[in-house]
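**Q** Here's a structure for you.
Numbering (the working numbering), first residue to last: 21 to 407.
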């Protein structure tokens, strides 16, 4: 399958030097915003921080927790950032990710705010009885023991994951420049979290790695592509619109006996989740070959920073084969910038990983973020980000 070459300018000239690549970046970002994600909301006119939970011990003294409320103006939004770090004075590498259902589910601590914002596509209300339900999935204790921090915010506080309820906040983000998709809005929130984390003594501002699962993996990847302050990105099983190509291979895009393709397609994702992307992405759903970019360009925009694409053998919907093809297509940009990218041109088998600067892993199982994922993520960060 032939994809647009990120090292070829629209006028046909070849990008042959790092300086030319850096000039090319802005054009690729603009094209991706126009064709897929919608306009980036930009730096807010004002950003205020209020303490919701002052720093205090958690995990039997292993860690320190604080929660902050971030308020921005123009665009207007309010959301909470939970930060958990090892109980020591030294600033640490921190994993920053969005969560689906509220900060209170990431750790069972009474000081964490239970959001008043409805969450999920069904708009259900978070409640106190859910505290700590996702602590294992985030592998909080082992991550803190390993000397890392974890910071997280709830996606629904930024933009609800429902087309109807998302309309008003997305209109605030877009202004007069067209509709911003929810993926871009969630990605923008990563940048606002970085603004705040940079002022915390316990966090190494230059060593923050974006993480996210599924649609939040899409947001983490776009955040890293747009914000070069992020030291790396780990978009877990992010699928089409994330690390999987829009140009789904014909054999994986063919409709099966169950009435749907093996791998999610642009047509499927824009039909089911129209609020995630710009309207232009849906417009090319049946003619994706007309797209002037594909997801290898998003990965290439992260260069020379490390990118790990975690996948699962049974999660064919996220197109694990296509995601490895994306890394192959992004690799030349890394080489141009004088760093290694992929360490193999053969897709790892189930249970294997290749942890090059462009990394890939394929574990058994299906579509989920699990505690078993985190040791590999920490190893990747150990190799490429931590020093």
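Idealized CB from N, CA, C, for every residue including glycine.
Bear in mind the structure is a predicted one, so any value in this text is a computation, not a measurement.
Does DSSP classify residue 374 as helix, strand or coil?
**A** strand
**Q** In chain order, what residues of the same chain lie with their CB nearer than 6 angstroms to the CB of residue 78, ignoring the 5 residues before and after it?
**A** For residue 78, the CB contacts under 6 angstroms within the same chain, skipping 5 residues up- and downstream, are 85 and 129 in chain order.
**Q** Over the uninterrupted beta strand (DSSP E) stretch that includes residue 42, give me the two end residues.
**A** Looking at the DSSP string, residue 42 is not in any beta strand (DSSP E); the run it does join, the alpha helix (DSSP H), is 38 to 52.
**Q** For residue 28, name the three-state secondary structure that DSSP assigns.
**A** If DSSP states are grouped into helix, strand and coil, residue 28 belongs with the strands.
**Q** From the beta carbon of residue 367, is the nearest beta carbon of chain B less than 8 angstroms away?
**A** Here chain B cannot be found, since the structure has a single protein chain.
**Q** Could you tell me the boundaries of the beta strand (DSSP E) in which residue 12 lies?
**A** This structure does not reach residue 12, given that the chain is present from 21 up to 407, and the question cannot be answered.
**Q** Determine, using beta carbons only, whether residue 264 and residue 346 come nearer to each other than 8 angstroms.
**A** yes
**Q** Is it buried or exposed for residue 259, if we count other Cβ within 10 angstroms and need 16 for buried?
**A** By the neighbour-count rule (16 or more Cβ atoms within 10 Å), residue 259 is buried.
**Q** Using a Cβ-Cβ cut-off of 7 angstroms (strictly less than) and excluding sequence neighbours within five positions of residue 317, which residues of its own chain qualify?
**A** Non-local beta-carbon contacts of residue 317 in its own chain, meaning distances under 7 angstroms to residues more than five positions away in sequence, involve 26, 48 and 52 in chain order.
**Q** Figure out for me which residue from 119, 229, 201 and 375 has the closest Cα to the Cα of residue 302.
**A** 201
**Q** Since I believe residue 328 is in contact with residue 282 (beta carbons under 8 angstroms), could you give me their beta-carbon distance rounded to a whole number of angstroms?
**A** Between residue 328 and residue 282 the Cβ distance is about 24 angstroms, and since that is not below 8 angstroms, they are no contact.
**Q** Per DSSP, which one or two residues make a beta bridge with residue 90?
**A** 69 and 99
**Q** Do the region 152 to 159 and the region 86 to 94 meet, that is, are 3 or more Cβ pairs less than 8 angstroms apart?
**A** no
**Q** In the DSSP assignment, what are the bridge partners of residue 264?
**A** 260
**Q** With the cut-off set at 8 angstroms, would you say residue 106 and residue 83 are in Cβ contact?
**A** yes
**Q** Which full runs of the alpha helix (DSSP H) of 4+ residues lie inside the region 286 to 363, going along the chain?
**A** Runs of the alpha helix (DSSP H) inside the region 286 to 363: 286 to 292, 299 to 303, 315 to 320 and 340 to 356.
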